[in-house]
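Participant: In my numbering, the protein residues as written are 51 to 323.
Please see the structure below; I have some questions.
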Amino acid sequence: MKIISHPLRLKETLRDAQGSVGFVPTMGALHEGHLELIKNARKENDIVVVSIFVNPTQFLEGEDLDKYPRRDEADKKICELAGVDILFFPTAQDIYSEDEVKLQAPNVRGYILEGFTRPGHFSGVLTVVMKLLNIVSPTRAYFGKKDAQQLHLIMLMVKQYFMSVEIVPIDTVRDSDGLAQSSRNVYLSAEQRAEALKIPTSLYHGAKLISQGVTDVERIRKEILEILSGLEVGYVAILSREFEPIDTVQIGNSIILVEAIVGETRLLDNIWL
Ligand code: AMP
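So, in structure tokens, the structure goes:
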């Protein structure tokens, strides 16, 4: 496995590469969720590139940028064992310069839900994803459905900017107790983790109601909120997969999204219906 930190070096290396390139962008502290993306990339491409970059522009003032978990050496080993060909490990100086051309998240879908609690977050996400996709020029890029709004906005950017990459969504990987894997789960104490399980429980309950024929969004939201009581809920939203409001759930085109804060840790989860 090659480890490359400079964008132009990586471009040069990939210029001579033969075959399809699968790309998995991450912020490191790799877990089973990331591995699932890497496994899919490995299966479907000749060359696999993973990036590890804790992108400063997607963190707001006062967020956990400085204490975001970093496990560089373990991550390198995990990538090597997973059959990654190139690990891209840039610094912020490699990616950003002074007085940058700005990319802005869309006014509506970039500023609801996560974008409402974290205004400007998705501008940072889209900027770094655009930069990374331009550096790697992959055939396919892999993103988790766990970050559903992020995935939606990236797909929108790729479409609206006529980019040539195929975005491949990957199902959320969960621990055996149902909690969605996340690099931030390490912040949770045992008690907080037990509390956090209300999140997947509430989503499964929503899905069960729908399987029983309940389609009324307000009723489903209310029952989900009841299960989440005791947690600091950021939002419970039931939207179309285009992230537009709906009154009734349509199977095949709906998604339930939850954000809740447990202790000081913001957790996201969702279920696609
Ligand atoms: P992050 O390192 O948190 O920026 O995540 C990198 C990629 O891994 C993103 O596309 C995430 O959506 C994806 N991801 C994170 N957690 C999971 C999970 N539990 N299951 C599947 N994909 C995930």
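Quick reminder that beta carbons are idealized off the backbone N, C-alpha and C, glycines included.
(1) Residues in the same chain with beta-carbon distance under 8 Å from Tyr101, minus the five sequence neighbours each way, listed in chain order, please.
(2) Using the Cβ count rule (16 or more neighbours within 10 Å means buried), how would you classify Pro295?
(3) Which residues does DSSP list as the beta-bridge partners of Ile102?
(4) List in chain order the residues whose CB is within less than 6 Å of at least one heavy atom of the ligand AMP.
(5) How would you label Ser31, buried or exposed, when you count the other beta carbons within 10 angstroms and need 16 or more for buried?
(6) How would you write the range of the beta strand (DSSP E) that Asn320 sits in, first residue to last?
(7) Where does the unbroken beta strand (DSSP E) through Pro50 begin, and where does it stop?
(8) Pick out whichever of Glu62, Val134, Gln154 and Asp319 has its Cα sitting closest to the Cα of Asn184.
(9) Write down the C-beta distance between Val267 and Thr298 rounded to the nearest angstrom, noting that I regard them as a contact closer than 8 Å.
(10) For Phe212, list the residues DSSP reports as bridge partners.
(11) According to DSSP, is Pro156 part of a helix, a strand, or is it coil?
(12) In terms of residues, what are the limits of the beta strand (DSSP E) holding Gly284?
(13) Suppose the cutoff is 7 Å on Cβ atoms and the five residues either side in sequence are ignored; what does the same chain contact list for Gln231 look like?
(14) Tell me the DSSP secondary structure of Arg120 in three-state form.
(15) My guess is that Leu110 and Arg168 are in contact by the Cβ rule of under 8 Å, so how many angstroms apart are they, rounded?
(16) Measuring straight from C-alpha to C-alpha, what distance separates Leu247 and Leu203?
(17) Going straight from the alpha carbon of Gly174 to that of Leu131, what length do you get?
(18) Just to confirm, is the Cβ distance from Leu163 to Met207 under 7 Å?
Facilitator: Answer, in terms of the structure:
(1) The amino acid at residue 101 is misidentified as Tyr; the sequence shows Ser. Taken in chain order, the residues that qualify are Phe73, Val74, Pro75, Thr76, Leu137, Phe138, Phe139, Pro140, Leu182 and Val186.
(2) So Pro295 ends up on the exposed side.
(3) Ile102 is bridged by DSSP to Thr76.
(4) Thr76, Met77, Gly83, His84, Glu86, Leu87, Phe193, Gly194, Lys196, Asp197, Ile220, Thr222, Val223, Ala230, Gln231, Ser232 and Ser233
(5) This structure cannot speak to residue 31, because the chain is shown only from 51 to 323.
(6) Thr315 to Trp322
(7) Beyond the ends of the chain as shown, which are 51 and 323, falls residue 50; an answer cannot be given.
(8) Glu62
(9) Correct: roughly 6 Å between the Cβ atoms.
(10) Beta-bridge pairing links Phe212 to no other residue.
(11) It is coil, neither helix nor strand.
(12) Glu282 to Ser290
(13) Listed in chain order, the non-local C-beta contacts of Gln231 below 7 Å within the same chain comprise His81, Glu82, Gly83, Val223, Arg224 and Asp225, local neighbours out to five positions each way being set aside.
(14) coil
(15) 6 Å
(16) Spanning the two alpha carbons is a distance of roughly 27 Å.
(17) 31 Å
(18) Judged by their CB atoms, Leu163 and Met207 are not nearer to each other than the 7 Å cut-off.
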